[in-house]
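**Student:**
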Amino acid sequence: MIGIKRNVLLNPGPSTTTDTVKMAQVVPDICPREKEFSSLMKGLREDLVRIVHGDLEKYTSVLFCGSGTLNIDVCLNSLLPEGKKILVINNGAYSTRAVEICQYYGLPHIDLKFDVDKLPSLSLVEKTLKDNPDIALVHTTHNETGTGILNPIREIGGLAHRYGAVFTVDTTSTYAMRPIDIEKDNIDFCMASAQKGLMAMTGLSFVIGRRSIIEESKNYPKRSYYCNLFLQYDYFEKTGEMHFTPPVQTIYATIQALKEYWAEGEEAKWARHTRVFNAIHRGLDELGFRDVIKREWQAGLVVSAIYPDDPNWDFTRVHDYCYERGFTIYPGKISTTNTFRLCALGAIDESDIENFFKVFREALERENVEIPVRYEDDEK
Ligand SMILES: *Cc1c(COP(=O)(O)O)cnc(C)c1O
Numbered sequence: 382m383i384g385i386k387r388n389v390l391l392n393p394g395p396s397t398t399t400d401t402v403k404m405a406q407v408v409p410d411i412c413p414r415e416k417e418f419s420s421l422m423k424g425l426r427e428d429l430v431r432i433v434h435g436d437l438e439k440y441t442s443v444l445f446c447g448s449g450t451l452n453i454d455v456c457l458n459s460l461l462p463e464g465k466k467i468l469v470i471n472n473g474a475y476s477t478r479a480v481e482i483c484q485y486y487g488l489p490h491i492d493l494k495f496d497v498d499k500l501p502s503l504s505l506v507e508k509t510l511k512d513n514p515d516i517a518l519v520h521t522t523h524n525e526t527g528t529g530i531l532n533p534i535r536e537i538g539g540l541a542h543r544y545g546a547v548f549t550v551d552t553t554s555t556y557a558m559r560p561i562d563i564e565k566d567n568i569d570f571c572m573a574s575a576q577k578g579l580m581a582m583t584g585l586s587f588v589i590g591r592r593s594i595i596e597e598s599k600n601y602p603k604r605s606y607y608c609n610l611f612l613q614y615d616y617f618e619k620t621g622e623m624h625f626t627p628p629v630q631t632i633y634a635t636i637q638a639l640k641e642y643w644a645e646g647e648e649a650k651w652a653r654h655t656r657v658f659n660a661i662h663r664g665l666d667e668l669g670f671r672d673v674i675k676r677e678w679q680a681g682l683v684v685s686a687i688y689p690d691d692p693n694w695d696f697t698r699v700h701d702y703c704y705e706r707g708f709t710i711y712p713g714k715i716s717t718t719n720t721f722r723l724c725a726l727g728a729i730d731e732s733d734i735e736n737f738f739k740v741f742r743e744a745l746e747r748e749n750v751e752i753p754v755r756y757e758d759d760e761k
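The sequence shown begins at 382 in this note's numbering and counts up one residue at a time.
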């Protein structure tokens with residue numbers, strides 16, 4: 382339509398977008414304080430809640446200008462009452478980021494660490510809640526994007542609620558891909574940014590959660606000015622606008638992306654991501670690559686593969702060969718193992734993955750990497 386080169390992004394976001402979403406940003410200049418613009422944002426906010434099947438009476442969404450990490454910051458700094466503690470259930474890089482946010486704000490917290498390739502122990506979570514009645518907020522990550530492991534949020538949320546804590550979940554890498562039901566999944570707050578599951582552009586992030594808790598948080602300590610959930614919510618409710626300048630063009634792109642989301646449908650979209658994910662596994666299996674995470678624990682969106690033990694393997698060179706041919710692969714995010722990632726998000730399908738593996742195999746052949754790839758313990 383517009384002749385923009387189509388790249389297949391296999392990195393964990395931003396994702397490949399459609400041309401219609403790209404083009405939706407090209408609009409007449411508008412001041413975002415105009416009524417025309419705030420009416421667009423009202424529909425957008427409601428759609429964001431509908432994606433997780435939230436009841437609009439109970440749940441709302443609050444928009445921010447920034448990348449996805451901003452949401453973690455907002456939830457943790459805004460939703461902790463005075464004298465209370467946060468429990469972070471941490472088995473990966475994004476929960477570690479939440480712990481760092483607690484450290485930067487000086488928020489009392491417990492960093493309950495688990496191995497990055499293991500599911501958290503629910504009995505240990507429960508024991509921690511029982512032993513620390515001052516925990517008012519439990520936080521974890523749905524799909525730990527660094528490895529692709531899926532955490533049992535419904536069970537963790539059930540425990541949080543049993544012990545009277547609010548449950549916040551980083552759903553940045555599942556939202557609008559893997560179906561979520563905010564109420565059934567025991568989530569009080571979840572979050573995402575427009576450039577991942579929604580397949581829109583960078584610059585817009587949002588928190589979706591319980592109105593009553595946001596209203597209660599009015600009296601909690603204010604630890605940030607720009608990143609306070611209640612202040613942003615309250616301004617929206619009173620004026621229909623974002624407190625500060627919104628990412629105007631990204632909002633137009635997101636509204637188009639939402640149209641395309643509803644047209645594709647939750648189930649069909651998840652089926653497409655699953656097709657892509659399975660094709661990634663097929664391709665890696667054929668080449669002999671190993672996964673970091675047990676197959677049945679994977680969230681179905683990120684595959685984290687281990688570097689082969691081949692002196693000719695050079696991730697950067699393989700990356701560059703693929704990149705020059707329109708395919709972007711991504712390094713891993715585990716400190717203990719060398720890995721790379723292939724992700725199933727974005728406006729791509731099975732045939733893109735098949736085309737990718739032709740190029741990827743060529744890259745390995747050119748580098749004289751042995752196929753199937755070798756691992757040191759193969760010979761043992
Ligand atoms: C992408 C992502 C984020 C946000 O990262 P930004 O670089 O700030 O956009 C947060 N959490 C998870 C789980 C993610 O996958």
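Positions of the beta carbon are idealized from the N, C-alpha and C atoms, including for glycine. In this text the structure is predicted, and so the values were computed from the model without any measurement.
#1: Whose C-alpha, out of I561, N736, R592 and D690, is nearest the C-alpha of Y756?
#2: If you draw a straight line from the C-alpha of A546 to the C-alpha of N513, how long is it?
#3: For Y614, which of helix, strand or coil comes out of DSSP?
#4: In three-state terms, what does DSSP make of M572?
#5: What residue range does the beta strand (DSSP E) around I467 cover?
#6: Just how far apart, CA to CA, sit L493 and P602?
#7: Which runs of the alpha helix (DSSP H) at least 4 residues long sit entirely within the stretch 621 to 651? Give them in chain order.
#8: Just reading off the alpha helix (DSSP H) that F418 is part of, what are its end residues?
#9: For ligand 1, is there a heavy atom less than 7 Å away from the beta-carbon of T655?
#10: Ligand 1 and S396: does any heavy atom of the ligand fall closer than 7 Å to the residue's C-beta?
#11: Does the Cβ of Q576 have 16 or more other Cβ atoms within 10 Å, making it buried, or fewer, making it exposed?
#12: Does any heavy atom of ligand 1 sit closer than 7 Å to the C-beta of P393?
#13: For the beta strand (DSSP E) that contains I674, what are its first and last residues?
#14: What is the rounded straight-line gap between the Cα of P393 and the Cα of F658?
#15: Got a sec? Which residues, its chain only, sit under 8 Å from F741 by beta carbon, not counting five neighbours each side?
#16: In terms of residues, what are the limits of the alpha helix (DSSP H) holding R698?
#17: Provide the residue span of the alpha helix (DSSP H) that contains I537, from first to last.
#18: Report yes if the CB atom of I568 is closer than 8 Å to the CB atom of V550, and no otherwise.
#19: Locate the beta strand (DSSP E) running through A686, then write down its first and last residues.
#20: Kindly examine ligand 1 and report whether one of its heavy atoms sits closer than 7 Å to the Cβ of K465.
#21: Return the CA-CA distance between I715 and D410, expressed in angstroms with no decimal places.
#22: Helix, strand or coil, according to DSSP, for H523 in the structure here?
#23: Using a 10 Å radius around the Cβ and a threshold of 16 neighbouring Cβ atoms, would you call Y614 buried or exposed?
#24: For G529, is the beta carbon positioned less than 7 Å from some heavy atom of ligand 1?
#25: Thinking just about the alpha-carbon of each residue, which of V430, S586, Y616 and K619 is nearest to the one in I632?
#26: Is the beta carbon of Y475 within less than 7 Å of some heavy atom of ligand 1?
#27: CA-CA distance, T720 and H654?
#28: Are at least three pairs of beta-carbons, each pair with one atom in the stretch 467 to 475 and one in the stretch 432 to 439, less than 8 Å apart?
#29: Secondary structure at S593, three-state DSSP: helix, strand or coil?
#30: Given I385, which residues of its chain have a CB within under 7 Å of its CB, disregarding the five upstream and five downstream residues?
#31: When you compare the stretch 474 to 492 with the stretch 517 to 531, are there three or more beta-carbon pairs, one atom per stretch, that lie closer than 8 Å?
#32: Ligand 1 heavy atoms versus the CB of G681: any closer than 7 Å?
**Tutor:** Reading it off the structure:
#1: D690
#2: 11 Å
#3: helix
#4: strand
#5: K466 to N471
#6: 24 Å
#7: 629 to 645
#8: K416 to I432
#9: no
#10: no
#11: buried
#12: yes
#13: From DSSP, I674 is part of no beta strand (DSSP E); its letter is neither H nor E.
#14: 13 Å
#15: G664, L668, V699, C703, F708 and I710
#16: F696 to E705
#17: I534 to R543
#18: yes
#19: V683 to I687
#20: no
#21: 44 Å
#22: coil
#23: buried
#24: no
#25: S586
#26: yes
#27: 22 Å
#28: no
#29: helix
#30: D400 and K403
#31: yes
#32: no
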